[in-house]
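In the numbering used here, the protein residues as written are 1 to 565.
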């Protein structure tokens with residue numbers, strides 16, 4: 001307690017006078033702002049329709065709703081999608097800020113292909129996606145990038161790709177294909193996919209370096225799910241989706257098709273590397289397969305252990321869950337679809353926070369989502385979510401029965417120890433104030449860390465056939481929480497433990513040419529993809545030995561073997 005004599009008296013010179021002066025100034029500014037708003041409103045109402053960005057008229061920007069090649073019905077050579085006109089996004093939220101590098105142009109209806117259009121199209125996509133995930137993530141969530149403001153570079157060079165890394169943030173590329181410029185920074189789908197990587201890294205940073213095929217693939221599935229769910233934040237898009245699908249959401253539509261233009265660009269030289277109508281389609285029928293039984297690379301019509309390929313199992317299950325959840329509501333209007341999309345996003349965040357990172361990570365997240373669905377929204381979505389994951393083989397029937405009587409989580413304050421998250425840089429105060437906890441134990445609190453303090457999985461020594469020494473990997477060895485397993489038919493069996501899982505992941509990276517050998521020039525190598533940008537991992541010398549570390553995530557890994565072309 002402070003001594004009463006030490007407190008400033010009303011009317012005394014010092015801090016109180018300053019406070020009173022500030023209060024008076026703030027009040028005067030507030031009144032002036034109200035007057036200016038009234039004047040602006042009068043000018044706006046007096047302006048002629050379509051006056052554009054002139055004094056007093058409402059300022060609008062042009063943007064793509066979904067993707068530059070988005071269509072109602074896919075065609076082999078799409079034309080540019082129709083632009084939408086909307087107000088420029090509001091100020092950057094303080095809790096999960098971002099920064100597009102370069103000049104900030106004046107907002108306006110800029111033409112596609114111009115740097116000014118590219119800026120505002122990206123800004124609008126980022127704002128909508130950050131607000132969506134920022135409202136669902138726990139209070140106190142911070143980016144895991146070294147820059148507290150997520151860096152965004154829209155002109156990173158020539159390529160058909162986009163990247164997320166902790167060092168550089170989001171980077172987008174462009175390339176001219178058959179006379180058409182494919183610009184990944186123009187596609188809201190690609191932007192929201194890459195932002196999904198950043199969001200997942202913020203919520204569960206332990207996944208970044210995880211040496212696990214399923215954890216790697218889940219990162220890609222979360223990115224595609226981010227593109228899918230945040231697209232539903234536009235009312236006009238929801239109306240189109242409901243009209244095109246007849247409210248049966250898990251069919252081929254502009255909702256399920258991810259990155260049509262980028263898929264078209266890659267398809268011109270590698271037609272079997274991507275889906276026939278987009279980069280990846282969530283309306284697929286892929287079911288879970290044990291990764292150890294799959295090749296490292298395959299045509300898009302088949303599954304492989306490649307992260308983008310294997311991710312389609314989980315992404316497809318999410319779209320199935322979305323469709324089933326909408327059916328549960330008994331309503332098919334766009335407002336209900338918005339609510340269902342947000343409810344599913346919350347269950348996904350719950351699952352990510354609660355699921356232990358283990359070799360069968362898909363099943364762990366699915367089980368956590370099923371249990372969260374039993375607690376939230378009066379449990380009305382539980383059967384829909386469970387059915388989606390059982391239908392894809394992500395959960396087997398034994399798990400489905402076991403979850404009926406498994407312990408349920410309880411809501412508690414987001415910060416450790418049950419206290420509200422403290423406000424401060426990177427916290428902002430928005431986000432969900434509650435998280436689901438099991439047995440009073442809070443889920444991972446890595447969401448409150450930045451790149452310098454982000455937690456990782458424990459290191460385990462893994463035998464590396466391509467080197468004359470072992471490699472230390474962040475193995476998927478967190479303690480079990482759910483008795484959850486995928487459906488496995490026949491004699492197929494996967495890695496028996498976390499070390500075997502890490503060894504399989506390491507071997508797959510070598511086969512795909514994804515490791516930058518760095519200080520290990522004598523290692524056996526797989527194919528050499530074009531340039532260092534294609535590398536996703538490196539071998540980093542540390543006191544304990546060589547450690548496998550991630551460099552970045554890619555939106556679209558290019559095919560390497562002739563059979564995939």
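From the three backbone atoms N, C-alpha and C, an ideal C-beta is built for every residue, glycine too.
Q) If we ignore side chains and look at the alpha-carbon of each, how far apart do residue 315 and residue 286 end up? A) One C-alpha to the other measures close to 10 Å.
Q: Compute the distance between the beta-carbons of residue 461 and residue 455, then report whether it is under 8 Å.
A: No, Cβ-Cβ distance for residue 461 and residue 455 is not below 8 Å.
Q. Roughly how many whole angstroms lie between the Cα atoms of residue 448 and residue 78?
A. If I take the Cα positions, the gap works out to 43 Å.
Q: Determine the closest residue to residue 404 out of 412, 388, 394 and 382, with distance taken between C-alpha atoms.
A: When each option's Cα is compared against that of residue 404, the closest is 382.
Q.
Going by beta-carbon coordinates alone, are residue 356 and residue 364 separated by less than 8 Å?
A. In this structure, residue 364 lies closer than 8 Å to residue 356 by Cβ.
Q | Three-way DSSP call (helix, strand, coil) for residue 206 in this model | A | Of the three classes helix, strand and coil, the one that applies to residue 206 here is helix, per DSSP.
**Q.** Which listed residue (211, 284 and 410) has its alpha carbon closest to that of residue 506
**A.** Ranked by how close their Cα comes to the Cα of residue 506, the residues 211, 284 and 410 have 211 in first place.
Q: Give me the Cα-Cα distance between residue 544 and residue 167, rounded to the nearest whole angstrom.
A: C-alpha separation (whole angstroms): 24 Å.
Q) Among all the DSSP beta bridges, which residues are the ones paired with residue 360? A) When beta bridges are read from the DSSP output, residue 360 appears opposite no residue.
Q) Enumerated in chain order, which unbroken segments of the beta strand (DSSP E) with a length of 3 residues or greater are wholly contained in the stretch 425-474? A) With a minimum length of 3 residues, the continuous beta strand (DSSP E) runs that stay inside the stretch 425-474 are 434-437, 459-462 and 471-474.
Q: Determine which residues share a DSSP beta bridge with residue 568 and list them.
A: The structure shown does not extend to residue 568, since the chain spans only 1 to 565, so no value can be given for it.
(Q) In this structure, how does DSSP classify residue 177 when only helix, strand and coil are distinguished? (A) DSSP places residue 177 in strand when its eight states are reduced to three.
(Q) Along the chain, where does the beta strand (DSSP E) containing residue 297 start, and where does it finish? (A) Neither: residue 297 is in no beta strand (DSSP E) and is coded neither H nor E.
Q | Residues sharing a beta bridge with residue 411, DSSP | A | Under DSSP, residue 411 shares a beta bridge with 436.
Q: Give the secondary structure of residue 233 by DSSP, where H, G and I count as helix, E and B as strand, and everything else as coil.
A: Here residue 233 sits in coil by DSSP.
Q: Return the residue from the list 313, 138 and 252 that minimises the CA-CA distance to residue 217.
A: With respect to the C-alpha of residue 217, the residue from 313, 138 and 252 having the closest C-alpha is 313.
Q) With DSSP run on the structure shown, which of helix, strand or coil describes residue 384? A) The three-state secondary structure of residue 384, taken from DSSP, is helix.
Q. If you count every other CB in all the chains shown that lies within 10 Å of the CB of residue 378, and 16 or more means buried, which is it?
A. Exposed is the call here.
Q) First and last residue of the alpha helix (DSSP H) that includes residue 265? A) 260-267 is the extent of the alpha helix (DSSP H) around residue 265.
Q. Are the CB atoms of residue 446 and residue 206 nearer to each other than 8 Å?
A. Between residue 446 and residue 206, the CB-CB gap stays under 8 Å.
Q: Taking residue 88 as the reference, give the member of 81, 120, 361 and 239 with the closest Cα.
A: Ranked by how close their Cα comes to the Cα of residue 88, the residues 81, 120, 361 and 239 have 120 in first place.
Q | Selection from 71, 107 and 97 that minimises the alpha carbon distance to residue 59 | A | The shortest C-alpha separation from residue 59 is found at 107.
Q | Beta-carbon contacts of residue 129 that lie in its chain and below 6 Å, excluding the five residues immediately before and after | A | Cβ within range, chain order: 192, 195 and 230.
(Q) Could you compute how far the alpha carbon of residue 242 sits from the alpha carbon of residue 255? (A) Rounded to whole angstroms, residue 242 to residue 255 spans 10 Å at the Cα level.
(Q) In the DSSP assignment, the beta strand (DSSP E) including residue 537 goes from what residue to what residue? (A) According to the DSSP assignment, residue 537 belongs to the beta strand (DSSP E) that extends over 537-542.
Q. From 488, 396, 407 and 190, pick the residue whose C-alpha is nearest to that of residue 553; which is it?
A. For the set 488, 396, 407 and 190, the Cα lying nearest the Cα of residue 553 is the one of 190.
Q) How many Å lie between residue 351 and residue 297 at the Cα? A) Residue 351 and residue 297 have their C-alpha atoms spaced approximately 28 Å apart.
Q) Is the beta carbon of residue 280 sitting closer than 8 Å to the one on residue 224? A) Yes.
Q.
The beta strand (DSSP E) that contains residue 334, what's its start and end?
A. Boundaries for residue 334: no beta strand (DSSP E) harbours it, while the alpha helix (DSSP H) harbouring it runs 334-354, taken from the DSSP string.
Q: Give the secondary structure of residue 161 by DSSP, where H, G and I count as helix, E and B as strand, and everything else as coil.
A: Here residue 161 sits in coil by DSSP.
Q) CB residue 409 to CB residue 354, shorter than 8 Å? A) Going by C-beta atoms, residue 409 is nearer than 8 Å to residue 354.
Q: Starting from the C-beta of residue 198, find all residues in its chain whose C-beta is less than 8 Å away, skip the five residues before and the five after it, and write them out in chain order.
A: Hits under 8 Å: 143, 144, 145, 150, 164, 169 and 170.
Q) Excluding the five sequence neighbours on either side, which residues of its own chain have a C-beta within less than 8 Å of the C-beta of residue 160, listed in chain order? A) Taken in chain order, the residues that qualify are 173, 175, 177, 182, 184, 262, 265, 266, 556 and 558.
Q. Can you name the start and end residues of the beta strand (DSSP E) that residue 64 belongs to?
A. Boundaries of the beta strand (DSSP E) around residue 64: 61-64.
**Q.** Neighbourhood of residue 274 by C-beta, 6 Å cutoff - its chain only, sequence neighbours within 5 removed
**A.** The residues are 263, 266, 267 and 300.
Q) Taking the alpha-carbon positions, what's the residue 112 to residue 458 distance? A) Computed Cα separation, rounded: 47 Å.
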